[in-house]
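Visitor:
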Amino acid sequence: MRFNKYSILFFLFFLAGLHAEPKRSVIKISKTALFETYRFDIIQEDTRYFYIATNEIEQKYFLSHGIYFENVIPDIKKFYKKINYLTDYHSNESSLTLLNSLVFPNFSSVASIGTSIENRDISAYKITKDENVSTNCYIIGLQHAREWIGMEVVLSFVQYLYDHKDDENLQSIFFNKVIWLIPIMNPDGLEYTRTTDRLWRKNRRDNLDGTFGVDLNRNYDFEFLTNSSSNTASETYRGASAVSEPESKSLVDLISSQSLGGLLDFHSYSQFILYPWAYTIDSTDHEVVFNNLALEWQKLIKKVNGRVYEVGQPSKLLNFSSGGTLMDYLYGDFQKLTLAFELPPENTASNGFELDPALIKEISNEMLPVLLNFIEVCDEKYLENQSGTNAQNDTVTVSSGCGLLR
Ligand SMILES: [Zn+2]
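Position in the sequence shown (first residue = 1) + 26 = the numbering used here.
1. Nearer than 7 Å: is that true of the beta carbon of E173 relative to any heavy atom of ligand 1?
2. Around the C-beta of K104, are 16 or more other C-beta atoms found within 10 angstroms, so that it is buried, or is it exposed?
3. Confirm, please, whether the CB-CB distance from I299 to F367 is below 8 Å.
4. Specify, as a first and last residue, the run of the alpha helix (DSSP H) that Y87 falls within.
5. Under 8 Å, do E47 and G338 count as touching if we go by C-beta distance?
6. Just to confirm, does N229 get its C-beta within under 7 Å of one of the non-hydrogen atoms of ligand 1?
7. Considering only heavy atoms of ligand 1, does any lie closer than 7 Å to the CB of Q297?
8. From what residue to what residue does the beta strand (DSSP E) around L286 run?
9. Where do the N-terminal and C-terminal ends of the alpha helix (DSSP H) with E402 fall, by residue?
10. Between which residues of its own chain and F66 is the CB-CB distance below 6 Å, once the five residues before and five after are set aside?
11. Using beta-carbon positions only, say whether G265 and N245 come within less than 8 Å of one another.
12. Between Q339 and ligand 1, is the CB less than 7 Å from at least one heavy atom?
13. Is DSSP giving A20 helix, strand or coil here?
14. Taking one C-beta from the segment 169 to 178 and one from the segment 208 to 218 each time, how about it: are there three or more such pairs within less than 8 Å?
15. Quick one, which of S121, G349, E157, W206 has its alpha-carbon nearest I307's?
16. If you draw a straight line from the C-alpha of V136 to the C-alpha of P100, how long is it?
17. Just to confirm my understanding: we take E402, look at its own chain, exclude 5 residues before and 5 after, and list those with CB closer than 8 Å. What are they?
18. Please specify which runs of the alpha helix (DSSP H), each continuous and at least 4 residues long, are wholly inside the segment 151 to 209, giving them in chain order.
19. Going by other Cβ atoms of all chains shown within 10 Å of its Cβ, with 16 needed for buried, is Q297 buried or exposed?
20. Output needed for V269: all residues of its chain with C-beta closer than 7 Å, excluding positions within five of it in sequence on either side, in chain order.
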């Protein structure tokens with residue numbers, strides 16, 4: 027068989043097509059037509075419609091089930107090309123520049139805890155005034171790429187601690203604990219949301235079947251196979267095996283190599299304070315302890331500007347369960363203090379992940395009393411010292427919203 031230049035060109039296009047990512051769109055579906063809403067990536071809703079980020083593979087599901095939908099943003103990549111608030115939020119580079127500018131001798135340092143799939147550093151700002159202390163407290167953001175406000179809250183806390191490094195009431199914390207602030211757990215995903223697809227959630231793993239990305243917060247080794255997705259096209263794809271991703275492995279290696287006091291994990295959106303379990307609606311043995319602390323933090327936040335966060339287990343607040351989350355892993359394997367936040371806006375607010383940058387400062391300020399309380403109480407023995415009897419929380423069901431556990 028003879029090849030001419032056209033057949034070679036066609037063959038090259040064919041190969042390129044094999045590796046092209048499925049096109050992503052935003053579709054709208056009547057609320058009366060959609061059940062099992064947790065299966066879908068609902069980014070917004072109004073009284074009549076859900077607006078869902080989908081790819082071509084997922085749209086076949088709707089077609090095959092006779093569910094009518096309207097394509098409102100046919101190509102997310104093209105639609106989100108111009109982000110007019112891009113410079114209001116940090117990039118990987120500007121975040122690292124800020125962290126490095128806040129390094130102070132005998133107080134803090136910046137270290138890479140590992141690298142991402144695309145070889146970007148996962149940077150941590152580490153604070154301690156005594157290198158020999160053993161209690162490690164972690165505050166992390168941006169496991170999910172599009173949840174930019176989580177990164178900003180962590181960065182603004184770094185700035186606060188730097189500015190207050192000589193405050194008398196913080197000295198016992200700085201001398202007795204190591205505080206790790208990791209604003210960007212998913213640097214490749216962040217870059218992708220800034221350049222290509224603002225609504226991207228996962229990391230940038232090539233799944234070798236035309237799809238990309240693993241949901242880092244389904245990739246941890248606790249109930250990994252329970253209530254999680256093996257579908258590579260899913261926004262909540264758990265990965266080929268537990269801790270298969272360099273981003274999640276970097277964090278696991280760091281945490282498991284030293285004594286753990288506790289960890290806070292920042293997500294958006296929904297305005298929730300969440301505690302284990304996520305994989306089941308069963309309560310933990312420390313339900314009362316977690317609930318009391320979350321209620322205390324709810325009050326601290328409300329005092330600042332009046333904003334109210336709901337409190338509870340994600341499996342109950344969202345009415346579905348998810349395995350392989352970081353929170354469950356840290357409680358399940360280590361029995362330590364671990365909570366997660368879904369930052370504003372609330373479920374029904376417009377724009378969801380695209381939070382107005384004018385609110386960054388306000389939300390960060392509201393979280394400040396909680397963060398200060400966390401680094402104070404963070405301790406290996408917190409849960410056992412605070413132990414009480416078990417109790418059931420009221421179940422509140424919401425139809426939409428947050429990025430953490432869908
Ligand atoms: Zn999230």
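Virtual Cβ for every residue (Gly too), placed ideally from N, Cα, C.
Guide: Looking at the atomic coordinates:
1. Along the sequence shown, read from residue 1 onward, the residue named residue 173 stands at position 147. Yes, since a heavy atom of ligand 1 falls inside the 7 Å radius drawn around the Cβ of E173.
2. The residue given as residue 104 occupies position 78 in the sequence shown. K104 is exposed by the Cβ-count criterion.
3. Translated into the one-based positions of the sequence shown, residue 367 becomes position 341. Translated into the one-based positions of the sequence shown, residue 299 becomes position 273. Going by C-beta atoms, F367 is nearer than 8 Å to I299.
4. Locating residue 87 in the sequence shown gives position 61, where the first residue counts as 1. Boundaries of the alpha helix (DSSP H) harbouring Y87: 82 to 90, taken from the DSSP string.
5. By one-based count along the sequence shown, residue 47 stands at place 21. By one-based count along the sequence shown, residue 338 stands at place 312. No, these two residues do not count as a Cβ contact at 8 Å.
6. To locate residue 229, count along the sequence shown from 1; it is residue 203. Not under cutoff, so the answer is no.
7. The residue given as residue 297 occupies position 271 in the sequence shown. Not so, every heavy atom of ligand 1 lies at least 7 Å from the Cβ.
8. Along the sequence shown, one-based indexing puts residue 286 at 260. Unbroken beta strand (DSSP E) run through L286: 286 to 296.
9. Here residue 402 refers to the residue found at position 376 of the sequence shown. Unbroken alpha helix (DSSP H) run through E402: 386 to 403.
10. Against the sequence shown, residue 66 aligns to sequence position 40. Excluding residues within five positions, the ones whose Cβ falls inside 6 Å are I78.
11. Residue mapping note: residue 265 aligns to position 239 of the sequence shown, counting from 1. Residue mapping note: residue 245 aligns to position 219 of the sequence shown, counting from 1. In contact: G265 and N245 (Cβ atoms closer than 8 Å).
12. One-based indexing of the sequence shown puts residue 339 at position 313. Because no heavy atom of ligand 1 lies under 7 Å away, the Cβ of Q339 does not count as near it: no.
13. In this structure the chain extends from 27 to 432, so residue 20 is not present and cannot be described.
14. yes
15. Numbered from 1 along the sequence shown, position 281 holds the residue referred to as residue 307. Closest by alpha carbon: G349.
16. As a working note, residue 136 is residue 110 in the sequence shown. As a working note, residue 100 is residue 74 in the sequence shown. Rounded to whole angstroms, V136 to P100 spans 42 Å at the Cα level.
17. Along the sequence shown, read from residue 1 onward, the residue named residue 402 stands at position 376. Excluding residues within five positions, the ones whose Cβ falls inside 8 Å are I199.
18. 174 to 189, 197 to 202
19. In the sequence shown, residue 297 corresponds to position 271, counting from 1. Classification for Q297: buried.
20. Within the sequence shown, residue 269 is the residue found at index 243, counting from 1. Closer than 7 Å at the Cβ level, and outside the excluded window around V269, lie N245, Y246, D247, K275, V278.
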